[in-house]
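If you want the working numbering, it's the 1-based position in the sequence shown plus 161. We treat Cβ as the ideally placed atom computed from N, Cα and C, and that holds for glycine.
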Amino acid sequence: VLEACVVAASVERAVYLHLDPRTGACEPLVYVANAGNGRAVRRVWPGERTLDAELGIVAAALASSDRSVVRQVSPGASRPGSPEALAHREVLGVQVGYDADGRRVCLGALMLFDKMRTSYDLDEHLGSEEGQVAASFASMLGAVLGARQTAELGKEMRMAQTIQSQILPARPAVVPGFDLAGSCRNSGAVGGDYFDYVPMADGRTLAVVADVSGHNLASGMVMVGARATLRTLAGAHTCGARVFEALAQGMFDDLTRTERFITAAGIVLRPQDLAVDVINAGHA
162 VLEACVVAAS VERAVYLHLD PRTGACEPLV YVANAGNGRA VRRVWPGERT
212 LDAELGIVAA ALASSDRSVV RQVSPGASRP GSPEALAHRE VLGVQVGYDA
262 DGRRVCLGAL MLFDKMRTSY DLDEHLGSEE GQVAASFASM LGAVLGARQT
312 AELGKEMRMA QTIQSQILPA RPAVVPGFDL AGSCRNSGAV GGDYFDYVPM
362 ADGRTLAVVA DVSGHNLASG MVMVGARATL RTLAGAHTCG ARVFEALAQG
412 MFDDLTRTER FITAAGIVLR PQDLAVDVIN AGHA
């Protein structure tokens, strides 16, 4: 999950900090670095092995629920060994958790370090796009870890169902002149099925239906990544076809390596003239 998140958000590094509710401290469990060319590698955490959950960005991230927090850092101004001290410019954090019986269970925090400068994105600041990517992957990670924590029998299916339910919209989008409704019913227990109402850069709404090949937890994980990328791209474009083209280009290598594919179809709703733009990406 962290490797995929680092690549999707185009950041230099990421860490998952696991919260121990008995001690109130966090332990860095997994630390990865962006190796470029769509790859990430696992590294040894260079900071403190135990982090106070009530200090700095760790505390802010643990209390953030589904919203990310960003801290700018100054060299030498942060506590040695803290996440802030390991960042060159900025660090972004978001809570990892899950909902159980009407209450929120906090498991830890996902941290992203320093935006990478690329040929297509010269902005070196962590912002709402990276926050949205981090929140999507934190939601998936929380669903997976939460299901592992609360279930022993049939855990893989329950994990996948939880993931899938969390990435589907809770309610239809409200678009003047249109009545929208959506529902997802899998033929099996789990799958890579997905639909959404996605806001675009010009304020219009893209209604999308998509499906990842396969019917297991891996399909759900791929769809979570596709959803985060789709939402980020839609927020930066005004052309539905361009959103799908950029999504295909961005995910091609990952899909090829995992031997999977995604089909999708979308409708951009135009309330000003009650018309729609239809885009098809191989979805029958």
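Taking one C-beta from the segment 216 to 225 and one from the segment 252 to 266 each time, how about it: are there three or more such pairs within less than 8 Å?
-> yes
Whole-angstrom distance between A371 and Y355, CA atom to CA atom = 5 Å
Residue range of the unbroken beta strand (DSSP E) whose run includes Q475 | With the chain covering 162 to 445 only, the question about residue 475 has no answer from this structure.
Proximity to R113 [Cα-Cα], best of R210, L190 and A170 | Any property of residue 113 remains undetermined from this structure, which presents the chain solely from 162 to 445.
Could you please give me the residues that DSSP links to Q327 through a beta bridge?
-> According to DSSP, Q327 bridges with nothing at all.
Where DSSP assigns a beta bridge to L253, which residues make up the other side?
-> V231 and L273
Anyone know if the C-beta pair for L408 and L394 falls short of 7 Å?
-> yes
Does the segment 192 to 207 come within contact of the segment 170 to 182, defined as at least 3 CB pairs closer than 8 Å?
-> yes
Go ahead and pull the three-state DSSP assignment for F356.
-> strand
Secondary structure, alpha helix (DSSP H): runs of 4+ residues fully inside the segment 196 to 225 | 217 to 223
How should T366 be labelled, buried or exposed, when 16 other C-beta atoms within 10 angstroms of its C-beta is the threshold for buried?
-> buried
By the 10 Å Cβ neighbour count, where 16 or more other Cβ atoms means buried, how is Q327 classified, buried or exposed?
-> buried
Given R228 as reference, the closest of E164, Q325 and A270 once Cα atoms are compared = A270
Candidates Q322, R203 and F422: closest to G375 by CA position | F422
Return the CA-CA distance between S239 and E291, expressed in angstroms with no decimal places.
-> 23 Å
Whole angstroms is fine: what's the gap from D438's alpha carbon to V385's?
-> 25 Å
Among V168, G288 and L212, which residue has its Cα nearest to the Cα of P182?
-> L212
Local conformation of A397 per DSSP, three classes = coil
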